[in-house]
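In what follows, a structure is listed as C-alpha cells, so that the remarks can point back to it.
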C-alpha cells in the first residue's frame, strides 16, 4: 500500500496544515490558561474563579479583567434583587432598614465595578486597585449589617459571598495590571 502519490499530496498537505493549526491553537490556549492558573489560586474562592475565567480561550490581563467584571456586576444586580424581594415580601419587618442598606451597597458595588471598566478602558491601570477595592468593600457591607442580632437570610448571605468572590477576582487582576 502506497501512502504517497501525487494524487494524495493535497490530502497530506491539508492534514499537516490541520495538525499544525491545532497544535498552534493549543499552545496559545495553554499560555492563556497559565494566566488563569496564576490568578485563580490567589483569590478568595479559586473554584469560583475558574468557573468565571476558566472558559476563556484567550485573554490578556485587561481582557480577563473585563471578563471578571461582567458577571460580577450581574451578581451585584442579582443580590440587590434578592434584598429587594426580601423587603417586598415583608417576612422580616425588623430587618427592612438593613435590606434597604444592602440594596444601596449592592448598587454602589455595581457603580464601582462600572468605574473599574471605565478606568480599564482608559488604560489608567494605576487607578484600578482603588476602584476594585471600593467595589470589594461595598460588596461586604451587607454582611456587616447583620453582625447585630437577627441573622442574615441564607439567600442574601450567599449572594453577598458570591459577589465578594467575584470582586476578589477583579481586585487581584487590577493589582496585577497596576504593576505593569
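In our numbering, the protein residues as written are -1 to 178.
We treat Cβ as the ideally placed atom computed from N, Cα and C, and that holds for glycine.
- Under the DSSP assignment, residue 113 falls in the alpha helix (DSSP H) whose first and last residues are 94 to 119.
- Under the three-state reduction of DSSP, residue 123 is assigned to helix.
- Rounded to whole angstroms, the separation of the alpha carbons of residue 72 and residue 148 is 27 Å.
- Shortest Cα-Cα distance from residue 161 to any of 69, 96 and 114 involves 69.
- Residue environment analysis places residue 152 among the exposed positions, since fewer than 16 neighbouring C-beta atoms fall within 10 angstroms of its C-beta.
- Leaving aside the five residues that flank residue 110 on each side, the residues in its chain whose CB is nearer than 8 Å to its CB run, in chain order, 129, 130, 132, 133 and 136.
- Annotation: residue 147 is outside any alpha helix (DSSP H) and is labelled neither H nor E by DSSP.
- Look at the beta carbons and you see the stretch 38 to 53 touching the stretch 165 to 172: at least three pairs across the two are nearer than 8 Å.
- Shown here, residue 87 sits in a helix according to DSSP, grouped into three states.
- Around the beta carbon of residue 32, a 10 Å sphere encloses fewer than 16 other beta carbons of the protein chains shown; the residue is thus reported as exposed.
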